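Heads up, the thing below is written out as structure tokens.
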Amino acid sequence: ARINNVLRRFGSGWSLFFEATRVPSAPYAESRFPDAASWLVDQERKWDLDAEGAHFESRYHLTFLYLPPEDRTNRSEGLLYESSDKTKKRVDYRDHLKSFIAETDRAIDLLANILPEGRALDDSETLTFLHQTISTNHHTVTVPENPAYLDAILPDTPFLGGMEPMLGNKHLRLLTILGFPNATVPGLLDELNDLGFDYRWVTRWISLDKPLASKQLTTLRRQWFAKRKSITAILREVMFNQETALVDSDADNKALDADEALQELGSDDVAFGHVTTTLVVSHENARDADNRLRAVERIINGRGFVTIHETLNAVDAWLGTVPGNPYANVRQPIIHTLNLTHMMPVSAVWAGPDRNDHLDDAALITAKTRGATPFRFDLHVGDVGHSLIVGPTGAGKSVLLALIALQFRRYGNAQIFVFDKGRSARAALLAMGGTAFDLALDGGLAFQPLAQIDKGSEQAFALTWLTSLLANEGVTVDPPVKDALWTAIKSLASAPKPERTLTGLSLLLQSNRLRQAIQPYTLEGPFGRMLDAARDDLSVSDVQHFEMEELMHHRQLVLPVLTFLFHRLEARFDGRPTLLILDEAWLFLDDPLFAARIREWLKT
106 ARINNVLRRF
116 GSGWSLFFEA
126 TRVPSAPYAE
136 SRFPDAASWL
146 VDQERKWDLD
156 AEGAHFESRY
166 HLTFLYLPPE
176 DRTNRSEGLL
186 YESSDKTKKR
196 VDYRDHLKSF
206 IAETDRAIDL
216 LANILPEGRA
226 LDDSETLTFL
236 HQTISTNHHT
246 VTVPENPAYL
256 DAILPDTPFL
266 GGMEPMLGNK
276 HLRLLTILGF
286 PNATVPGLLD
296 ELNDLGFDYR
306 WVTRWISLDK
316 PLASKQLTTL
326 RRQWFAKRKS
336 ITAILREVMF
346 NQETALVDSD
356 ADNKALDADE
366 ALQELGSDDV
376 AFGHVTTTLV
386 VSHENARDAD
396 NRLRAVERII
406 NGRGFVTIHE
416 TLNAVDAWLG
426 TVPGNPYANV
436 RQPIIHTLNL
446 THMMPVSAVW
456 AGPDRNDHLD
466 DAALITAKTR
476 GATPFRFDLH
486 VGDVGHSLIV
496 GPTGAGKSVL
506 LALIALQFRR
516 YGNAQIFVFD
526 KGRSARAALL
536 AMGGTAFDLA
546 LDGGLAFQPL
556 AQIDKGSEQA
566 FALTWLTSLL
576 ANEGVTVDPP
586 VKDALWTAIK
596 SLASAPKPER
606 TLTGLSLLLQ
616 SNRLRQAIQP
626 YTLEGPFGRM
636 LDAARDDLSV
646 SDVQHFEMEE
656 LMHHRQLVLP
666 VLTFLFHRLE
676 ARFDGRPTLL
686 ILDEAWLFLD
696 DPLFAARIRE
706 WLKT
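Structure, rendered in structure tokens:
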């Protein structure tokens with residue numbers, strides 16, 4: 106409906122060319138991987154995609170064409186009003202150009218809300234697009250320094266006419282739609298976007314002003330109404346003064362359709378015009394070109410259309426697909442803009458971005474989607490790379506996370522941190538030369554969270570970490586509690602590094618209530634083996650795996666351990682390409698402290 110709102114604004118003299126071009130996809134991107142495992146996975150994916158054959162993507166262009174009215178029409182309009190400016194009575198192309206730019210700018214602004222990725226082409230892109238419609242040599246065409254006519258810039262391929270025309274060394278086959286189904290729905294011909302060969306699908310719309318459209322529809326209504334009864338039946342009615350009971354139902358229905366169309370036109374809901382839809386397929390081999398034509402014909406005819414394989418009219422049909430030609434191959438069916446929006450190419454399978462612009466490298470993963478279209482998967486939208494993967498149990502979420510980690514190694518100097526559950530990514534990360542830590546009480550890993558509190562920034566973290574630990578034990582953290590913790594931290598900071606432990610901190614606390622709250626995390630409690638070490642065993646590598654399944658069985662331990670690990674990892678966020686994967690992320694979101702930390706990361 107919103108596209109219809111744009112199209113119905115155009116009147117007589119305007120023609121719109123909607124073109125969908127199926128073009129070969131770029132080759133699989135080559136990247137340098139620092140380890141054999143990630144390189145081998147990427148090579149196997151490349152071999153699998155290559156074995157499936159060629160892949161294609163769709164490109165879309167909309168061309169506006171305006172034919173100014175004849176000079177005598179302008180002179181007739183000048184007789185209807187007076188102007189003090191005598192020059193206004195002369196026809197000036199600059200006035201038409203100004204009006205054309207204003208109207209197209211208005212249409213582009215309206216379409217920008219519907220098709221946000223659409224944009225206006227610059228001069229070089231416009232020449233390149235026009236060149237590709239009449240040439241088999243696809244390359245960039247630059248704007249000449251000195252102005253020149255288009256026929257001196259664009260043509261570089263001979264065109265051979267006839268019933269089976271050729272463009273260069275390629276045989277052309279053209280299919281034009283003649284008849285339409287009784288009803289249309291949006292995306293009626295979207296299946297054409299799944300074809301595994303190149304083509305040009307051009308829908309040309311020649312718009313009509315409301316008076317001209319009303320005149321044509323009135324003529325159609327009168328013609329069909331007259332066909333309801335034969336001459337014999339009319340004579341019998343006149344002679345015997347008796348109305349004929351039987352009429353031509355088909356003609357009667359078509360007359361009613363024309364009357365309904367006039368009502369829609371009168372309400373300004375739609376505009377009417379002539380539409381010509383032609384598909385052009387080509388190949389160096391004539392038989393292959395015929396096979397491609399049959400594949401296109403099966404799809405279109407299967408949607409209820411009636412098509413014709415252009416032979417005698419092939420040259421005229423091809424000229425009608427060239428943007429800027431509103432005269433060739435004009436088909437008579439008059440349809441309204443809502444039907445047009447259902448048939449014209451405005452949607453397709455998204456193939457993803459060609460490159461990761463933020464990291465200035467190839468897209469993360471190249472895969473295959475519907476039909477012969479590739480899909481380039483990337484985490485980044487601009488400079489933001491936050492992603493969420495959801496799905497039912499067993500759908501392959503963890504497998505996808507492992508693949509993302511393997512493919513992320515294509516980016517130079519990348520680092521990967523995975524918080525896993527169930528060791529689903531452990532094998533992949535170890536194969537990449539990473540290290541794995543089992544976050545369990547008997548995993549042999551011990552931390553010293555207060556080791557660096559001689560630094561000012563670490564003292565602030567220690568205070569936050571300890572207050573969360575106390576809150577986890579049910580202690581109300583009020584200003585006196587914070588003051589007691591801060592005093593103990595400042596005193597402990599001057600102690601030798603091996604003595605900066607939770608046990609050492611508890612000895613400096615005067616409050617028995619605070620000492621009892623910290624006691625479970627010291628060597629005297631059940632969790633001291635992990636959090637009350639005299640040295641820190643944590644050495645984070647560029648590829649790091651943390652297994653959390655056993656840790657999740659001890660809810661009291663989850664918060665202090667993961668908060669400390671996240672703090673250590675934040676020190677590694679130094680601008681390098683960094684991938685942080687949280688498997689079973691709902692466990693993190695379930696905790697208010699983690700939810701706040703993740704919210705902060707999402708904002709930055």
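Sequential numbering of the sequence shown, starting at 106, is according to the working numbering.
Just so it is clear, CB atoms sit at the ideal spot from N, CA and C, and this is done for glycine as well.
All values reported here derive from a predicted model rather than from experimental measurement.
Per DSSP, what are the beta-bridge partners of residue i in this structure?
i, result
"Arg164", "Thr126"
"Trp310", "Leu121, Val380"
"Met268", "Looking at the DSSP assignment, Met268 forms no beta bridge with any residue, so it has no partner."
"Tyr304", "Arg127, Val386"
"His441", "Phe377"
"Gly284", "Val411"
"His650", "Val523, Ala541"
"Asp466", "Asn461"
"Arg481", "Thr471"
"Arg327", "Paired residue(s): none; Arg327 is not in a bridge."
Would you grab the beta carbon distance between residue i and residue j for me? Rounded to a whole angstrom, and I think it's under 8 angstroms.
i, j, result
"Leu226", "Phe169", "Contact doesn't hold; Cβ gap of about 12 angstroms is too wide."
"Leu643", "Arg673", "6 angstroms"
"Glu629", "Gly527", "Contact doesn't hold; Cβ gap of about 32 angstroms is too wide."
"Val427", "Thr238", "6 angstroms"
"Thr289", "Asn444", "5 angstroms"
"Trp306", "Gly378", "Their Cβ separation, rounded to whole angstroms, is 19 angstroms, which puts Trp306 and Gly378 out of contact at 8 angstroms."
"Leu574", "Tyr626", "7 angstroms"
"Leu398", "Arg278", "4 angstroms"
"Gln624", "Ala598", "Not confirmed; about 22 angstroms, so no contact."
"Met268", "Leu417", "6 angstroms"
"Ala510", "Leu534", "7 angstroms"
In three-state terms, what does DSSP make of residue i?
i, result
"Thr606", "coil"
"Tyr516", "coil"
"Gly499", "coil"
"Asp138", "Checking the sequence, you will find Phe at residue 138 rather than Asp. If DSSP states are grouped into helix, strand and coil, Phe138 belongs with coil."
"Val420", "helix"
"Gln624", "helix"
"Asn430", "coil"
"Thr683", "strand"
"Thr471", "strand"
"Pro697", "helix"
"Arg704", "helix"
"Leu172", "coil"
Quick check: residue i and residue j, are their CB atoms within less than 8 angstroms of each other?
i, j, result
"Phe123", "Leu167", "yes"
"Ile282", "Thr382", "yes"
"Ala468", "Ala253", "no"
"Asp483", "Arg515", "no"
"Gln512", "Ile470", "yes"
"Ala593", "Leu613", "yes"
"Thr247", "Thr262", "no"
"Val451", "Ile108", "yes"
"Leu610", "Leu568", "no"
"Ile686", "Leu694", "no"
"Leu508", "Ile494", "no"
"Gly538", "Val645", "no"
"Leu544", "Glu652", "yes"
"Arg634", "Ala551", "yes"
"Ser136", "Pro479", "no"
"Leu293", "Arg408", "yes"
"Ala400", "His160", "no"
"Phe302", "Val386", "yes"
"Leu662", "Leu656", "yes"
Around the Cβ of residue i, are there at least 16 other Cβ atoms within 10 angstroms (buried) or fewer (exposed)?
i, result
"Tyr304", "buried"
"Met449", "buried"
"Thr581", "exposed"
"Gln97", "Examination of residue 97 is not possible in this model, given that the chain is present from 106 through 709 alone."
"Asp153", "exposed"
"Pro665", "buried"
"Ile405", "buried"
"Ile336", "exposed"
"Gly425", "buried"
"Lys595", "exposed"
"Ala318", "buried"
"Phe345", "exposed"
"Ala363", "buried"
"Thr498", "exposed"
"Asp197", "exposed"
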